[in-house]
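Visitor: For the sequence shown, my numbering begins at 31 and goes up steadily by one. Before I ask anything, here is the structure I am working with.
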Amino acid sequence: MTWQPELMFAEPETNRRPTQAGRILEHLRAGNRITALEALEAFGCFRLAARIHELRRDGWGIQERTVETRGGKRVAEYSMGGSDE
Numbered sequence: 031m032t033w034q035p036e037l038m039f040a041e042p043e044t045n046r047r048p049t050q051a052g053r054i055l056e057h058l059r060a061g062n063r064i065t066a067l068e069a070l071e072a073f074g075c076f077r078l079a080a081r082i083h084e085l086r087r088d089g090w091g092i093q094e095r096t097v098e099t100r101g102g103k104r105v106a107e108y109s110m111g112g113s114d115e
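This is the structure in structure tokens:
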């Protein structure tokens, strides 16, 4: 009989880094609002609208409103519930 090594299977990885969408969702669920520029700065996310689309597709109730920046540009701001201040 020949020796055969014992097979070792790794445990499922549970300490995986959250996805951009997951981190954005956590941010929104904490009661925060976010714009594309804020998402870029905070999460390195260049496509906030795409991440919001994914979250909405998964059933999250994310609201959108248009806000004006200090420079006069109009941008989308996303939030989860609450008042539109």
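Virtual Cβ for every residue (Gly too), placed ideally from N, Cα, C. Since this is a predicted model, take the numbers as computed values, not measurements.
#1: Use the C-beta contact count for Arg104: other C-beta atoms within 10 angstroms, 16 or more gives buried, fewer gives exposed.
#2: Straight-line CA distance for Cys165 to Ala66?
#3: May I ask which residues mark the beginning and end of the beta strand (DSSP E) holding Arg104?
#4: Determine the direct distance from the alpha carbon of Glu84 to that of Phe23, and round the result to whole angstroms.
#5: Report the rounded CA-to-CA distance for Tyr108 versus Glu94, giving the unit in angstroms.
Guide: Looking at the coordinates:
#1: exposed
#2: This structure cannot settle anything about residue 165, because the visible part of the chain is limited to 31 through 115.
#3: Arg104 to Ser109
#4: No answer is possible for residue 23: it lies beyond the span of the chain, which begins at 31 and ends at 115.
#5: 5 Å
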